[in-house]
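Going by our numbering, the sequence shown opens with residue 3, and the numbers climb by one from there. Beta carbons: idealized from backbone N, C-alpha and C, even for Gly. Computed from a predicted model, the values in this text were never measured in an experiment. Below is one structure; the comments refer to it alone.
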Amino acid sequence: MSLKALHSWFLMPLLLLAVACSKPAQPEFVRVKNLKVQEFTEEDINLTGSAVLFNPNSYSITVKEIDVFVKVNDQAVGKVNQVGEVKVPANSEFEIPLNVRFAPQEVFDNLLSGLISYIMKGEFEVHYKGFIRIKVSGLVFKVPLDHTARVKI
């Protein structure tokens with residue numbers, strides 16, 4: 003066996019071991035999409051959308067918990083809270099629902115003035131702030147989510 007072949011024989015397992023033992027990367031928040039008012043009644047406003055994240059790892063990860071507070075026009079209206087595990091494929095974007103229901107009175111003094119304001123402006127501001135806890139190869143990451151958007155009629 004030549005010295006070059008012997009060198010390759012030892013080097014290849016070390017290289018594979020180094021790649022296999024690389025530290026997992028934290029998933030990344032990409033954007034919020036499909037944010038819309040699903041329902042607007044006297045008793046209930048249903049706001050739907052989803053957070054898009056990216057798993058940069060070459061193996062699947064697990065979403066453990068969603069803990070995100072929601073404000074509409076600077077008024078706290080609710081919380082998106084999910085406890086339970088969801089598997090996410092490797093090297094891919096994935097979506098997490100950000101649905102919240104709240105009473106119009108939490109945002110507007112009365113429904114009529116709120117409805118008029120909403121119709122006149124044609125939109126309102128929604129702010130999501132919190133984190134999504136994700137497990138990657140035994141490590142737990144808290145991916146921060148801090149996003150403000152305007153929702154149109």
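| Query | Result |
| --- | --- |
| The segment 29-37 touching the segment 48-58, judged by at least three CB pairs closer than 8 Å | yes |
| DSSP-derived helix/strand/coil call for GLN107 | helix |
| Through-space distance from GLU125 to ARG135, alpha-carbon basis | 31 Å |
| Length of the line joining the Cα atoms of ASN93 and LYS25 | 15 Å |
| THR64: CB within 7 Å of a non-hydrogen atom of the ligand ATP | This structure lacks the ligand ATP, and indeed carries no ligand of any kind. |
| Selection from ARG103, ALA27, GLY86 that minimises the alpha carbon distance to VAL39 | ARG103 |
| Which residues DSSP lists as bridging ASN83, in chain order | ASP69 |
| 8 Å Cβ cutoff met for ASN59 and VAL142 | no |
| Reference VAL109, options GLY80, LYS89, VAL90, GLU87, closest by Cα | GLY80 |
| Secondary structure of THR43, DSSP reduced to three states | coil |
| Beta-ladder partner(s) of VAL32, from DSSP | Per DSSP, none; premise fails for VAL32. |
| Presumed contact (8 Å Cβ cut-off) between PHE42 and GLY132, rounded CB distance | Not really, about 24 Å apart at Cβ, beyond 8 Å. |
| ILE68 versus PRO99, LYS154, ALA151, HIS129, residue with shortest Cα-Cα distance | PRO99 |
| For ALA53, three-class secondary structure by DSSP | strand |
| With 16 other Cβ atoms within 10 Å as the buried cut-off, status of LEU17 | With a pLDDT of only 44 at LEU17, under 50, the local geometry of the prediction cannot be trusted, and no value is derived from it. |
| Collapsed DSSP secondary structure at ASP76 in the structure displayed | coil |
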